[in-house]
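Chain order of the listed sequences is A and B.
The letter at position 229 of the first sequence is residue 232 when you use the numbering used here, and the numbering goes up by one with no holes.
The letter at position 153 of the second sequence is residue 297 when you use the numbering used here, and the numbering goes up by one with no holes.
Each residue gets a CB set at the ideal place from its N, CA and C atoms; glycine is no exception.
Below is one structure, written out as structure tokens, with a few remarks after it.
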Amino acid sequence: MARVAEQVGPAEAEREELISGSEAIAVACKLADVDVITAYPIRPYDTVMQYVAKLVANGELDCEYIVAESEHSQFEIVKHASAAGARVFCGSSGVGWMYAFEALTVTPALRIPLVAMVGNRALDDPGAFGVEHNDALAVRDLGWLLVWVDTAQEALDTALIAWRVAEDRRVFLPCAIGCDGAFLTHSQSMVKVPPPSWVRQFLPPYDRGDLLLHPDNPITVAPQVNEDWLMELRKHNDEAMKRARVVLREAYADFERIFGRAYGNPFFEEYRTEDAEVVLVGMGTLSMPVKVAVRQMRQQGVRVGFVRLRWFRPFPTEELATTLSRFRAVGVIDRDYSFGSPHASGVLANEIRAALYNSLARPPLVSFICGLGGREVTVPNVLEMTELVRRAAAGEPAESTYWIGIRQ
Amino acid sequence: MATYSVEVVYRGIFQKTLAKNITRGIVLAAVKQGKTGIAFGRYGDSPERNGIPAKNFAIVADSEEELQASMAQYEPKSVDVTIAVDDTLCKGVESWAWYGLQPINKLTRPGGYLLVTTMLDFSDLLRMTHAREQPYNLAVVRGLPSFSGLWVYKDDHTDVRVLGAISRLLPDLVSLGAVEAAIRQEWKSEQKVASARKAYERVEVMAVAPGVGDRRKPYEFELPRWWELREGVTIPAIVSGEAFPDPTTGAVGGWRPARNPYFKKFSTRTMRPVVDFDTCIKCTLCWLQCPDSCFDVTPDGYYDANMEACCGCGVCEAVCPVDNCITMVNEAAFTSNDSQWAAWKRDREAYRVWVREKIQHRPERSHGFQQRGQYERQIREMAAAGVGGAGVEGVREGGPPGGVAAAGS
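Below, the structure is given as structure tokens:
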């Protein structure tokens, strides 16, 4: 482990700082005492690398900070560093993440824990910087843990949880933290920064054990295999992903105990759902206008709630299906697209349809494509979507998928 | 229970840190008063180009719940204060983030404030600023527009002076005491605290009645519907250009390149070239070197900087081999984008008088290479003009504000 330059005294307490979501992730790198960080600039992720560079330059973070010559190398370097026992961090956005794709595919197979921040950004072309979730979602089938956060505070906390879960021997998988470009990466808000001693209590040293790539532990990683090996190896990832659910619950419980901040159900947040008839579901910062709209509608007697999914992988199938079965209709807001998919819906909508399929109570599900390319999801948008969900609840015929907020 | 919104309109790159300091300072001061807040830039403005208008925002609320309405927005729909940290922004802003010219006071709520850092008089500012249908207030913090370079921040206390002024205009948003506490926390400077306090005492305000100001309608752009767009992320190219007539002889010739009619960029300009056509030797260097191809070739072979396309970079002045043929002049000294060459053709003597008058208004802005030693010169000028709180020793206290006066064209 690298040595943290800052010496800490016994009387440690949280302090509040005005920082952006990107800066919160950089602060988490410092608190986690990360050993190797690689960088390659692309908006909006690049704000993280700037803050990390500043921490290193100021002597606050003692790590190998490597600016690679491309995203592919960026992710390869941390993969190898992690194999050699280093705690690592990197990240990217949009097409930068796609350029790293070969490295992204091999990392989970080798059971490499690494934490990456994906500053969610629309894929080029056309060149656009605004948030869409398709970039991070591209790895959804490959063995990456995937989580979305909606505040800078949650970004910091979740990064610490991500190292804890990813580096657990039962998991050993990479984890990508989805942070909506602009709304989270570039907006400064008040964040409680915990003292390093709390973090040390929460986050044990990364111990790679018998998988450590080291001369004292002679191993070969990733030899060539044929059809008589691969299914068994894939099964390892399947089991690791299943175990991650348990490890996640443990981590959130410990986090609450040590940091005093409770996230409730780790997998998703429920907002005003107790007596709700219909709910909206979504990921990331669209929670903000949705919550404002829910409060407005509640004042007018509309019984609507909101479910914000955090962990997309592992997907909380049973928990989410049980929760959503309680309502008369469900509207899923996707900040992504899946062209030619069932019902031409968003990715999240189809995952939830699948999760609900085995439930005895299957409420009607309406899919909404909204806020693409960073377009604001507005309160009127949310009112419009809620009205469509309520109609579906009343048994009125509805489309499977609506594009909301498009000029037509 | 209240939410306050503040926007800082600034010049990309040159005032990036200044704008960030102001919005951070507002939120930190609000937190000192038990409120909460967020500070953010308008995402679409970035990556910033030199001088292009950009925006930062600070939203302050009593509770996290009230703040949520603002936390996933690009910009507020209306603001309590619009801060223009460069007075030429009052002519309106067209940023990377949108098409069309936005009046500087577009988001200012009725009865709200437009706060400008300037040495200009109220009447000169109002001549540049678009008229509104609702009343608002124009407030002024005396000082030269604060411009920095790409990697340096000119710490001339403009940030804290603006904070001090805001606490005077909207004490319910942040009190002077809270501003002082925030400055001590963020910058640990009693000098900066003193500067904020002076600005609090000296900020000047006037009420602006409906209809007062530039009544011209700013150019607009309507976004197309999805089925109106050409498929394949394809847009029509700009056609090449055309010859145009001499206003005195009617002879058609020269070449005016066609330009993007939707994104004009000229609100980037803080100074413009004034050309003395009597001394021009038609060497072509300004036309060749202009990074924005803003020069029209006239039918008689001169090069006329088209003010609908000029970004005010000053390269033409730098490359011109003739002494005093091209002079960069403070953009605040002009109220129209009309052709200088056409005016010269119509009446050469009147044009000579006009040029002599204009070139007195030297720009006080830094555009990199052109302005070495500018900061030191400015500090001396501000001290001579009695502008206190410039943050350096030897700045004289008291005295009336003065300095550069603009004139209409």
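Chain A partners of residue i, CB-CB under 7 Å?
i                      : result
residue 175 of chain B : 193
Tell me, to the nearest whole angstrom, how far the beta carbon of residue i is from that of residue j; I am working on the premise that it is less than 8 Å.
i                      : j                      : result
residue 287 of chain A : residue 151 of chain A : 5 Å
residue 327 of chain A : residue 351 of chain A : So it is not a contact: roughly 12 Å between Cβ atoms.
residue 97 of chain A  : residue 215 of chain A : Their Cβ separation, rounded to whole angstroms, is 34 Å, which puts residue 97 of chain A and residue 215 of chain A out of contact at 8 Å.
residue 93 of chain A  : residue 40 of chain A  : 6 Å
residue 317 of chain A : residue 248 of chain A : 5 Å
residue 410 of chain B : residue 452 of chain B : 6 Å
residue 149 of chain A : residue 111 of chain A : About 11 Å separates the two Cβ atoms, so there is no contact after all.
residue 256 of chain B : residue 224 of chain B : 5 Å
residue 291 of chain B : residue 155 of chain B : 7 Å
residue 273 of chain B : residue 357 of chain B : 5 Å
residue 278 of chain A : residue 136 of chain A : The pair is not a contact, with the Cβ atoms about 30 Å apart (cut-off 8 Å).
residue 215 of chain B : residue 300 of chain A : Between residue 300 of chain A and residue 215 of chain B the Cβ distance is about 19 Å, and since that is not below 8 Å, they are no contact.
residue 171 of chain B : residue 183 of chain B : 5 Å
residue 85 of chain A  : residue 191 of chain A : The Cβ separation is near 31 Å, so there is no contact.
residue 65 of chain A  : residue 123 of chain A : That pair is no contact at about 30 Å.
Strictly below 9 Å CB to CB, what residues from chain A border residue i?
i                      : result
residue 295 of chain B : Ordered by position in chain A, no residue passes the 9 Å Cβ test against residue 295 of chain B, which lies about 13 Å from the chain.
residue 272 of chain B : Near residue 272 of chain B there are no residues of chain A at all, since even the closest Cβ is about 30 Å away, more than 9 Å.
At a CB-CB cut-off below 8 Å, which residues of chain A make contact with residue i?
i                      : result
residue 370 of chain B : 409, 410 and 411
One question on the structure: do residue i and residue j come within less than 7 Å of each other, judged by their Cβ atoms?
i                      : j                      : result
residue 132 of chain A : residue 106 of chain A : no
residue 117 of chain A : residue 31 of chain A  : no
residue 347 of chain A : residue 369 of chain A : no
residue 367 of chain A : residue 332 of chain A : yes
residue 147 of chain B : residue 210 of chain B : yes
residue 343 of chain B : residue 321 of chain B : no
residue 83 of chain A  : residue 103 of chain A : no
residue 312 of chain B : residue 347 of chain B : yes
residue 327 of chain B : residue 338 of chain B : no
residue 248 of chain B : residue 194 of chain B : no
residue 296 of chain A : residue 386 of chain A : yes
residue 394 of chain B : residue 443 of chain B : no
residue 251 of chain A : residue 168 of chain A : yes
residue 243 of chain B : residue 365 of chain B : yes
residue 51 of chain A  : residue 101 of chain A : no
residue 555 of chain B : residue 261 of chain B : Residue 555 of chain B lies beyond the range of chain B shown here (145 to 553); nothing can be said about it.
residue 207 of chain A : residue 262 of chain A : no
residue 483 of chain A : residue 130 of chain A : Since the displayed chain A opens at 4 and closes at 411, residue 483 of chain A lies outside it and no answer follows.
residue 202 of chain B : residue 167 of chain B : yes
residue 162 of chain A : residue 28 of chain A  : yes
Residues of chain B with CB closer than 8 Å to the CB of residue i, please, in chain order.
i                      : result
residue 277 of chain A : Within chain B, no residue comes near residue 277 of chain A; the closest Cβ sits about 18 Å away, beyond 8 Å.
residue 262 of chain A : Those do not exist, as residue 262 of chain A stays about 18 Å from chain B at its closest Cβ, beyond 8 Å.
residue 379 of chain A : 216, 217 and 218
residue 128 of chain A : 377
Find the residues of chain B that neighbour residue i, judging by a C-beta separation of less than 7 Å, and give them in chain order.
i                      : result
residue 294 of chain A : 212
residue 272 of chain A : Under the 7 Å cutoff, chain B gives no residues; its nearest Cβ is about 13 Å from residue 272 of chain A.
residue 132 of chain A : 187
Under 9 Å Cβ-Cβ, which residues of chain B neighbour residue i?
i                      : result
residue 283 of chain A : The contacting residues do not exist; residue 283 of chain A stays about 14 Å from chain B at best.
Practice item. Below 7 Å between beta carbons is the criterion; list the residues of the region 198-217 of chain B that meet it against any residue of chain A, in chain order. Key: 212, 213, 215, 216 and 217
Practice item. Quick one: which residues of the region 168-195 of chain B get their C-beta closer than 8 Å to a C-beta of chain A? List them in chain order. Key: 168, 171, 172, 175, 180, 181, 182, 183, 184, 185, 187, 188, 190 and 191
Review point. What residues from the region 94-108 of chain A come within 9 Å of chain B, judged by C-beta to C-beta, listed N to C?
Key: none
Check your understanding: Along the region 361-388 of chain B, what residues have a CB closer than 8 Å to any CB found in chain A?
Key -> 367, 368, 369, 370, 371 and 377
Practice item. Identify each residue in the region 168-194 of chain A for which the Cβ-Cβ distance to at least one residue of chain B is less than 8 Å, and report them in chain order. Key: 183, 184, 185, 186, 189, 190, 191, 192 and 193
Exercise for review: Taking a Cβ distance cut-off of 7 Å, strictly less, list which residues of the region 288-313 of chain A are near chain B, in chain order.
Suggested key: 288, 289, 291, 292, 294 and 295
**Study point:** Residues in the region 16-38 of chain A having any Cβ partner in chain B nearer than 9 Å
**Key:** 19, 21 and 23
**Study point:** contact_flag[the region 273-291 of chain A, the region 230-242 of chain A] where n(CB pairs < 8 Å) is 3 or more
**Key:** no
Review point. Is there contact between the region 218-228 of chain A and the region 183-200 of chain A, where contact requires at least three CB pairs shorter than 8 Å?
Key: no
Review point. Touching or not, the region 198-208 of chain B and the region 157-177 of chain B, by the rule of three or more beta carbon pairs under 8 Å?
Key: yes
Check your understanding: Taking contact to mean at least 3 C-beta pairs separated by less than 8 Å, is the region 272-281 of chain B in contact with the region 249-256 of chain B?
Key -> yes
Check your understanding: Should the region 458-469 of chain B be regarded as contacting the region 416-433 of chain B, the criterion being three or more beta carbon pairs within less than 8 Å?
Key -> yes
Practice item. Kindly confirm or deny that the region 413-422 of chain B and the region 488-506 of chain B touch, where touching means at least three C-beta pairs closer than 8 Å. Key: yes
Exercise for review: Could you say if the region 378-394 of chain B and the region 476-495 of chain B meet the contact criterion of at least three C-beta pairs nearer than 8 Å?
Suggested key: yes
Practice item. Please determine if the region 266-273 of chain B and the region 468-482 of chain B are in contact, where contact requires at least 3 C-beta pairs separated by less than 8 Å. Key: yes
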